Amino acid sequence: MNNNTKVPVEVNPDEDTEWNDILRDHGIIPEKPPSPSAQLEEALEEAVRKQHENRLENKDLDELAALEDEEDEEFLNFYKQKRMNEIKKLSEKKRYGSVLPINKNEYEDEITKASKGTTVLVHLSLQSSLQSRLLGSLLSELARKFPELKICDIPAQRCIENYPESNCPTLIIYRDGNVLKQYVTLTQLGGNATTLKDIEKVLVDLHVLNDSDKRLVVNDEDEESQQERKLRFAKKSVRSKGDIDADDDDDDFYD
């Protein structure tokens, strides 16, 4: 009888045994695949870590100051300095703050060339047009809110001879010498019901404004909604307390 006869032995490569570890070390069976649950836990830990690291994003200086007792001082100071640098950078930009009337001869310098360093909005206006007067009012408000934007106004027919009145108002947005967007009348923006929020949305979509900018109408509305919810909750709490006190008084009456 041949004593060297090899008897096949079945091995479950997924088992976590010392024998399997030896076989893996010699390359006889493949490495055990990572545990799906371990991978999931690692992914969750990474998500929590990122959420924790980004928890101070978009908070203003007052909000950061309010967190001094809760956050690590060094980490909080880092975010304060970051926010102050952003504010400083914003203040160093060209500041306009109002709509600039221009004429045809100034168009090249004040708009095309000026847009190499900033975003320029141009209103081809017509005083007799209701929509043009509406747009003019909205752009004046926009200029005050976002003084880093350059906003110009030029009567359409002074800019382009025989420019159709039916095309007024026309809004053109320039950046780096190129036209980013053009609106002929306010039809695409909201017609006679166009609001500042509509124009701000266009600028956010074009990445001219950051969607987290607290000056945006939509972000103001979010803050107002939060305040309203807090007030409603406070009033509801007061009413609930009043009901409880009334019940207590009734109980005393029957005692």
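So the sequence shown is numbered by the numbering used here: it starts at 640 and just counts up by one. Even for Gly, the Cβ is constructed at its ideal location relative to N, Cα and C. Note that this is a predicted model, so its numbers are computed, not measured.
Nearest to D852 by C-alpha distance, out of R722, E681, Q796 and G736, is R722. Per DSSP, reduced to three states, the secondary structure at D792 is strand.
Taken through DSSP and simplified to helix, strand or coil, S764 comes out as strand. Around Q821, the same chain offers I811 as residues with beta carbons nearer than 6 angstroms, after the five sequence neighbours per side are excluded. It is roughly 16 angstroms from the alpha-carbon of L769 to the alpha-carbon of I793. Bounds of the alpha helix (DSSP H) holding I838 are L835 to D844. With respect to A795, L763 sits close: the two C-beta atoms are nearer than 7 angstroms.
Less than 7 angstroms separates the beta-carbon of E804 from that of L765.
DSSP, read as helix, strand or coil, puts L739 in strand. Taking the C-beta atoms as reference points, G736 is found nearer than 7 angstroms to P786. Taking 7 angstroms as the cut-off, the Cβ atoms of I741 and E749 count as close. In the structure shown, L810 adopts extended strand secondary structure according to DSSP, grouped into three states. In this structure, the beta-carbon distance from L819 to E839 does not fall below 7 angstroms. Under DSSP, Q821 forms a beta bridge with I811.
In the DSSP assignment, V759 is bridged to K789 and Y813. Counting along the chain, E804 sits inside no alpha helix (DSSP H), nor does DSSP assign it H or E at all.
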